[in-house]
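Participant: Protein chains in written order, with this note's numbering: chain A, 134 to 438; chain B, 4 to 289; chain C, 4 to 267; chain D, 3 to 330.
For each residue, glycine too, the CB sits at the ideal point set by N, CA and C.
Handing you a structure now.
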Amino acid sequence: MKGLLARMFGVVIVLIGVIALIFIMLWVIPGDPATVLLNDHVSQANIDRLTQSMGLDKSLPEQFFGYMKGILTGDFGSSYFMQQPVLSLILENFPYTLRLTLLAIAFSWTLGIASGVISAVCHEHFLDYLFRGTAVLGISVPVFMVALFLQYLFYYRFSLLPLTYDGSFVSLILPAVALGWNSAGSVARLMRSELMEQLDAPYIDTAKAKGLTYKKAVLAHALRNAAPSVITLMALQLSGMLSGAVITESVFSIPGLGQLALTAVQTRDMPLLQGTVIFTALLIAVGNILADMINTMLDPRLRTE
Amino acid sequence: MKAERKRNTGQELFRACLHNKAALISGLIILLIILLSTFAPLFTHYDETGQDLMNRLMPPGNGHLFGTDELGRDVFTRILYGTRVSLLIALLPTALAAALGTALGICAASFRGATDFIIMRLADIMLSIPGMLFAMVVLYTLGGSLASVVISLILIEWGETARVVRSVTLKLRESEFVEASVSAGAGGLHVMIWHILPNLLPTIIVLFTLNIPASILSESALSFLGIGIQPPQVSLGLMTGASRQYLFQMPWLALAPAGMIMVIVLSFHFFGDALRDILDPGRRTA
Amino acid sequence: MSEEILISARNITKSYSLGRKKRHIAVNDVSLELYKGETLALVGESGCGKSTLARLLMRLIKADSGRICFEGTDISALSGRALKPYRKRMQMIFQDPASSLDPRLRIRDIIAEPLRVWRVCPDKTEMERRILDLLDMVELKESMIDWYPRELSGGQKQRVGIARAIALDPELIICDESVSALDVSVQAQILNLLKRLKKELGLSCLFISHDLSVVNFIADRVCVMRGGVICETADTETLYAHPGHEYTRYLLSSIPAIGDDPVS
Amino acid sequence: MSDILLEIKNLTVSVRNGKSDIPIVKGVNIEIQRGEIVGLVGESGCGKSMTARSVMGILPGPARKSGEILWHEPDGTVTDLTGLSEKALRDMCGLRIGMVFQEPMTSLNPMMRIGDQVAEVLRIHKLVRNREEAREKVIRLLKEVGIEEPALRYRSYPHELSGGMRQRVMIAMAMIGEPGLLIADEPTTALDVTIEAQILRLIRQMCVSRHMSALVITHNMGVVSALCDRVYVMYMGRIMERASTGQLFANPLHPYTRGLLSSLPRIGKNPEYLTTIPGNIPEAGREPVGCEFCLRCSDDERRCFFERPSEIETDEGHYVSCFMCQRV
C-alpha cells in the first residue's frame, strides 16, 4: 500500500503543476487581461474598475494562491461571457461528456481487447492480419472523418440514427462509435503486443508441460499477466479520449465539456477555459489513480511492496 | 551476414528499408506526396485562392478533378497546398519535440536527483492534460495560426519522448560497455558521444516516425474546429470543417481532404512501424 | 611472485540502502593484499560481494570507509583528474561477452577507444598497427577488425574484451567472472590465453569466480568470500588439500567429482 | 527390451529462418529404460534442449520436427507422441511426463500462488475429487521436496522465494502427477554450486524412490557424474558417443568427448595449460559434409570429411560414431 500512497501524492503534485502551468499561460503571457477583455475605445476608468473587481491588481503570487484556494473550495472563478460561476457551468455540461466517454470506452475497450486477444492468439493467421489492419485504420483515421462518415451513412443514406444529440440514448451511439473507434485501434494494438510478449514467457511452456492446452494456457495464465500493463496504458488513453470528445461533441453538437472549452476559446472567456482544462486534468488524475489501485490489487508483486 | 559488414549503419539502414516491403511502399507514397505538394503548380493551373463564383460547388469533372468548393475554388489544388501544411506540421514540430524530449530525457538521466524529478514531473503534467485542450490554451494565448499550432504540438509531444529516452539512457549507462569505457578513463562527455547517443539513435528515429501521425491528426482536428490554422492559409482540416454543411449534397467536398489526411497518416504509420522492426527487432520501444 | 604489494585494501566497507531502514552491506570490513605478478582469486557464491569488492579496488565505485593503496599511494580519496592515471594501470575484463562490447561500434573502434582516450598512438597508421598487434595477441584473425560484435561468437567477443583490456599495458587485470558465461571448450581456450598473456606481459591478476575448479587452475592464491566477508585466504594447494574454514569445506564438498569414482 | 520407457527414433528438428531451413537436430536416437536416469550433454547450440522440448511438444513457433518418439506403456502398448493430436499430447504431459526448466525465476507464473500452480496439475488431469484433497496432496509433496512450513509456503508467490526454493516447487509440480518420466532441462544451471548439489541429490532421491526415469539436459559434466546412469554426448545436432557414466569418464573414445573432458579444470592436480579443442563451431550453413567434428578433430582421416560415420559398439553398452575408433 505504501507505494500506492506515494504515487497518489505524486499525482497531486502533478495536478498542482497543471494548475500553475495553465495559470501562467492564461494570465501571465497574454498581458493585462482587463485590456484584452474590453475593446479599445473604453475609458481607462472602466478598465481600472474591472481590474479591481477581478482582483487583478494584486501581485501574481497572491492571485495564484487566491485561485488555488478557490479551487479547493469549488470556486473556479466566474465566467466573463456567461456571468455564471464556472463550476456550475462545468457541472451542467459534465454529465454529457461523462455519458459519451463511458459509452465510447465501453465500445472501444470491448472491441479493442477482443480483437487484440484474437489477433495475438492466432498469430500470423488471416484473422491476425485482418484485425491488425483495422486497428491501424482505427488509429490513422481522423475522429472527425469517422464522425462525418457515420453521419452520412446512418443518417443521410439509411436514416437509422439521428444526426445530432437530442438527449436520447440512441443519439449517443454514433458519437460513441466515432470517439471509441480511434482508441479501439490503439487498445487492440496494445493488447496484442502485451499478450504476445506474455505468450513467449517461459511460464507458458511450464503450463503446457503441466498439461494445459494452448487455448487454456492462454486464458488461464497469459491474460492474467498481460492485464496490469494493459490497464495502466488504457488509463493513459483517457486523455486521448477526452481530446477526441472535443471534436465529437462539436460534430454531433453535444453540450459537453469539449463544447464548453471551444466556446471559451471563441469568446475569449479565460476563467471558463481555465476551469474546464483543470477539471479535465482532475478527471484524468482520478483515472490514473483508479488504474493504479486496480493494478495493485491484481499484481501480487506490487501488493507486498 | 558478412557481405553487409563493410557499410556503416546509415547505408545498412537504407539497404534494410529497400528489403522491407512495407517500408518501401510507404516510403514511395510519402515521396510521391512530397513531390506532388511541393511542385503543385506543375500539376494544376489553378491557384488555391482563385475564386470563381460562377461555378461554385461543381461536382468532380470538366477540369476540376475534385470539383469546386463553396467559393468556386478548385478543390484538388487546395488539397495539394493543404498537404504542404500537413507535411510541414508532420515534420517540423515532431522533429523539434523529439529534439527537446531527447535533450530533457538525457538531462534527466544524467543529472539525477532534482533535475530528474522536475523534468519527469513536467512530462507527467504534459501527459495529464488532453492534447486538444492544452492546444486550446496555447491557441487562446497566441491566437490561431500555423506558428501557434506548431508550438502547441511541440509542448504536447515532448513528454513521451523524454520519458522513453530517459529510461533507455539509464539502461545504457548501467551497461557493461559503458562501465568498460569509464574504467578505461573515458570522461562523461566521451561516453555520451561514443556510446550513449549512437545507441539512442534508433529509439529516437522510431519515436519521431511514430509521432508524425499524431501531429497531423491533431493539427487537422484543431483546424476542423476552426481554432487552428486560419484562412486564407489552406489546411486539409480547415477544408473538411468548412464543407460540413454541404456534407449530404456534396460528400466529396469533405471526403477529398479527409481522405488525403488518412493517406498521409497511413503511409507515415506503416513507415514508422517498418522502421521499428528494422532498427530494433528485439526490443519493444513503445 | 615478488613480495612487493601492488594493491591493498584496509577495512573496506560498502553498503546500499534498501528503502528507509534496511541497508544491504555488500562488503563488510574487508582487508586484502595483491602481490605483483600474482593471480589472486576471489571466490564465493552469488551475492557474496566479490564483484563489489573488485569495483571498489578499481575505484569504479566509492567505499563507505577504509583505504585502498595502489603501489603505496592511497587512492581511496582521489577522484576526477587525480584518479585518472590509476585508471590506465588497472583494467577489467567483464562477464557477459554480449553486453560488454558496444553493438554499434566495429571491433577496431572498440579496441581503439582506450588508445584514443589516452592518445597513446600519435597517428592513424601507428594506431592501426597497435590494434592489429593486439588482435594477434588474442589469437583473432586480422580481417575481423571491421566486424561488428554481433558477428562474433561468445569466445571471440571475450577475446576482443581482453585485447581492449591489455591495450594500455596495465599492471593489474581484473577478471569479473570472465569465463562463467562461456561453454566448456571455449572457457578452456580463454583460460589458457589469460594464463599465457599474464606470463608474457608480466601482469598481476585479480580473478573473480564462483567456480572452484576454474580458480584451482588459474589462481596462485585464493580468498573465499561469504556475505561480504573474507572467511579464508590461502594459496591454492593448501586451500584445496586441507581447507581451514568450515564454509570452504562445504563449498568443496558440493562440487561433483568427475571421472574415476562413478556415482554410488 | 521389455522395460523400455521412451524411444526417440531418428528425430530431426529444423527452424525456418526467412526462406531457409536451419537443421538443429539431425537424426537423434535416444532410449530410456524404466527407472534409469539418462543424461544428454553438449555445449550450447548443439540441439539438446530442442530434443527434450520436442518430446513435450513445446518447440518454439518456427521449429518443425520429424521422426518418431515412442512411449512404451507398462502393458506393452506403444504410442508415437509425434502422431498425437495437441489435446492427446497435453493429456500425457504432467501425467505421464513431467518437466523442470532452467530458469526458476521466470518458469513460474508470477501472479499465482505457488500452491495453486502445483495443484493445477491435479485439477487438469482430474486426479483429485475436491480442492481440499488437492491442497493436502500438494502440501505433502512440498514437504517431501524439502520446503519448510509447506502450509504457509502454499500461499506465497514466486517472487517471495529464493532460486533454490523455486526449483523445488518446479520439481514438486513435475512430480505431483506421478509421471513415469521426468525431463529436466538444465535444472541447476541458474543456481549456486551449494544449492545445485542439494537439488541434484533431491532429483536423484525422487527418481529412485518413485522408480521413475529421467532425461537430464546439461552442459556440465559435474551434473552428469552426480546424477546420470547413462549419458549421450551431443555435438551440432548429432549423438557422437553414448555410454554409462563410468565408461564415459574412464575411457572416453570420441575425440570430442576426450576434448571436453580434457578442457575441464579439476580440483587437485591441473596441467600447466588445458588441452583444448581447437577452432570453434562452424557457422550455420557452413557445416562439413562428413563428420560434424572433422574440422576440429586432431586425428582425422580423409574419409571423415566426406562420409558420416555410423555408430558402432566398442564394448558392452558403449557406442561411438567415429571412423578412427573403428580401427582400434
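Specify the secondary structure class of Met-123 (chain B) as computed by DSSP and reduced to three states.
Facilitator: In this structure, Met-123 (chain B) counts as helix in the three-state DSSP scheme.
Participant: Under a three-way DSSP split, which group does Asn-111 (chain D) fall into?
Facilitator: Of the three classes helix, strand and coil, the one that applies to Asn-111 (chain D) here is coil, per DSSP.
Participant: Kindly give me the distance between the Cβ atoms of Val-379 (chain A) and Leu-395 (chain A), rounded to whole angstroms, as I take these residues to be in contact under 8 angstroms.
Facilitator: With 8 angstroms as the limit, Val-379 (chain A) and Leu-395 (chain A) qualify as a contact, their Cβ atoms being about 7 angstroms apart.
Participant: Which residues of chain A have a Cβ atom closer than 8 angstroms to the Cβ of Asn-111 (chain D), listed in chain order?
Facilitator: Result: Tyr-336, Thr-339, Ala-340, His-354, Arg-357 and Asn-358.
Participant: Here's a check: name, in chain order, each residue in its chain whose Cβ is nearer than 6 angstroms to the Cβ of Ala-245 (chain D), leaving out the five neighbours to either side.
Facilitator: Closer than 6 angstroms at Cβ, skipping near neighbours: His-320.
Participant: Which residues in chain C have a C-beta closer than 9 angstroms to the C-beta of Ser-215 (chain D)? List them in chain order.
Facilitator: What Ser-215 (chain D) touches in chain C: nothing, since even the nearest Cβ is about 16 angstroms away.
Participant: Could you tell me which of A:Ile-387, A:Leu-415 and A:Asn-315 sits nearest to Glu-225 (chain A), measuring between CA atoms?
Facilitator: The shortest C-alpha separation from Glu-225 (chain A) is found at A:Ile-387.
Participant: Helix, strand or coil for Phe-259 (chain A)? Go by DSSP, reduced to three states.
Facilitator: Reduced to three states, the DSSP call for Phe-259 (chain A) is helix.
Participant: So with CB distances below 9 angstroms, who are the chain C contacts of Ser-184 (chain B)?
Facilitator: Within chain C, the residues near Ser-184 (chain B) are Asp-105, Glu-116, Pro-117 and Val-120.
Participant: At 8 angstroms on the CB atoms, spell out the chain B contacts of Gln-284 (chain A), in chain order.
Facilitator: The contacting residues are Leu-250.
Participant: Please confirm whether Leu-63 (chain C) has its beta-carbon closer than 8 angstroms to some beta-carbon of chain B.
Facilitator: Chain B, which has a Cβ nearer than 8 angstroms to the Cβ of Leu-63 (chain C), makes this yes.
Participant: Give me the Cα-Cα distance between Thr-429 (chain A) and Leu-137 (chain A), rounded to the nearest whole angstrom.
Facilitator: The alpha-carbon atoms of Thr-429 (chain A) and Leu-137 (chain A) are separated by roughly 8 angstroms.
Participant: Checking the sheet assignment: what are the DSSP bridge partners for Val-227 (chain C)?
Facilitator: Its beta-bridge partners are C:Val-46 and C:Glu-235.
Participant: Using only CA atoms, which one of A:Ser-241, A:Thr-339, A:Ala-237 and A:Phe-302 lies nearest to Ala-268 (chain A)?
Facilitator: Out of A:Ser-241, A:Thr-339, A:Ala-237 and A:Phe-302, A:Ser-241 has the C-alpha closest to the C-alpha of Ala-268 (chain A).
Participant: For Glu-122 (chain D), decide whether its Cβ has a neighbour in chain C, counting only Cβ atoms nearer than 8 angstroms.
Facilitator: False, the Cβ-Cβ gap to chain C never drops below 8 angstroms.
Participant: Closer than 7 angstroms to a non-hydrogen atom of the ligand SAM - does that hold for the CB of Ala-121 (chain D)?
Facilitator: The ligand SAM is not part of the structure shown, which contains no ligands of any sort.
Participant: Any residues in the region 182-216 of chain C with a beta carbon nearer than 8 angstroms to a beta carbon of chain D? Which ones, in chain order?
Facilitator: Listed by position along the chain: Asp-186, Val-187, Ser-188, Val-189, Gln-190, Ala-191, Gln-192, Leu-194, Asn-195, Lys-198, Arg-199, His-213, Asp-214, Leu-215 and Ser-216.
Participant: Look at the alpha carbon of Asn-12 (chain D) and the alpha carbon of Thr-84 (chain D), and state the distance between them as a whole number of angstroms.
Facilitator: Approximately 12 angstroms, taken between the alpha carbons.
Participant: For chain C, is any of its Cβ atoms less than 8 angstroms away from the one on Ile-109 (chain B)?
Facilitator: So, not an interface residue.
Participant: Could you give the residue range of the alpha helix (DSSP H) that holds Thr-259 (chain D)?
Facilitator: Element bounds for Thr-259 (chain D): 257-264.
Participant: If you compare alpha carbons, which of D:Gly-239, D:Gln-249 and D:Val-210 is closest to Ser-227 (chain D)?
Facilitator: Answer by Cα proximity: D:Gln-249.
Participant: Going along chain A, which residues have a C-beta under 9 angstroms from Lys-89 (chain D)?
Facilitator: Within chain A, the residues near Lys-89 (chain D) are Thr-346.
Participant: Measuring alpha carbon to alpha carbon, tell me which residue in D:Asn-272, D:Ile-126 and D:Glu-70 is nearest Val-57 (chain D).
Facilitator: If we check each option's Cα against that of Val-57 (chain D), D:Glu-70 comes out closest.
Participant: Based on DSSP bridge pairs, tell me the residues matched to Cys-208 (chain C).
Facilitator: Cys-208 (chain C) pairs with C:Thr-42 and C:Ile-176.
Participant: Among B:Tyr-49, B:Ile-232, B:Thr-52 and B:Asn-23, whose alpha-carbon lies nearest the alpha-carbon of Phe-151 (chain B)?
Facilitator: Sequence inspection shows Ser at residue 151 (chain B); the Phe mentioned does not correspond to that position. Of the candidates B:Tyr-49, B:Ile-232, B:Thr-52 and B:Asn-23, the one whose C-alpha sits nearest the C-alpha of Ser-151 (chain B) is B:Ile-232.
Participant: Cα separation between Met-236 (chain D) and Leu-184 (chain D)?
Facilitator: Roughly 20 angstroms between the two C-alpha positions.
Participant: In angstroms, rounded to a whole number, what distance separates the CA positions of Val-168 (chain B) and Pro-152 (chain C)?
Facilitator: Roughly 24 angstroms separates the two Cα atoms.
Participant: Is the shortest distance between the beta-carbon of Asp-99 (chain C) and the beta-carbons of chain B less than 8 angstroms?
Facilitator: Output row for Asp-99 (chain C): interface = yes.
Participant: Compute the Euclidean distance between the alpha carbons of Cys-178 (chain C) and Asp-136 (chain C), then round it to the nearest angstrom.
Facilitator: Going by the C-alpha atoms only, they are around 22 angstroms apart.
Participant: Restricting to Cα atoms, I'd like to know which of C:Pro-117, C:Tyr-253, C:Arg-111 and C:Gln-98 is closest to Glu-145 (chain C).
Facilitator: Checked all of C:Pro-117, C:Tyr-253, C:Arg-111 and C:Gln-98; the closest Cα to Glu-145 (chain C) is C:Arg-111.
Participant: Would you mind telling me which residues of chain B sit closer than 7 angstroms to Lys-91 (chain C), beta carbon to beta carbon, in chain order?
Facilitator: Here the neighbours are Gly-188.
Participant: Does the beta carbon of Val-268 (chain B) sit closer than 8 angstroms to a beta carbon anywhere in chain A?
Facilitator: Output row for Val-268 (chain B): interface = yes.
Participant: In the DSSP output, what is Trp-73 (chain D) paired with across the bridge?
Facilitator: Paired residues: D:Leu-8 and D:Thr-81.
Participant: For a test of the three-state rule: what should DSSP assign to Ala-342 (chain A), helix, strand or coil?
Facilitator: Ala-342 (chain A): helix per DSSP, three-state reduction.
Participant: Could you name the residues of chain A that Arg-92 (chain D) contacts, counting a contact when the two beta carbons are closer than 8 angstroms?
Facilitator: Those within 8 angstroms of Arg-92 (chain D) in chain A are Lys-341, Gly-344, Leu-345 and Thr-346.
Participant: Looking only at DSSP bridge pairs, what is Asp-194 (chain D) linked to?
Facilitator: Partner(s): none; Asp-194 (chain D) has no beta bridge.
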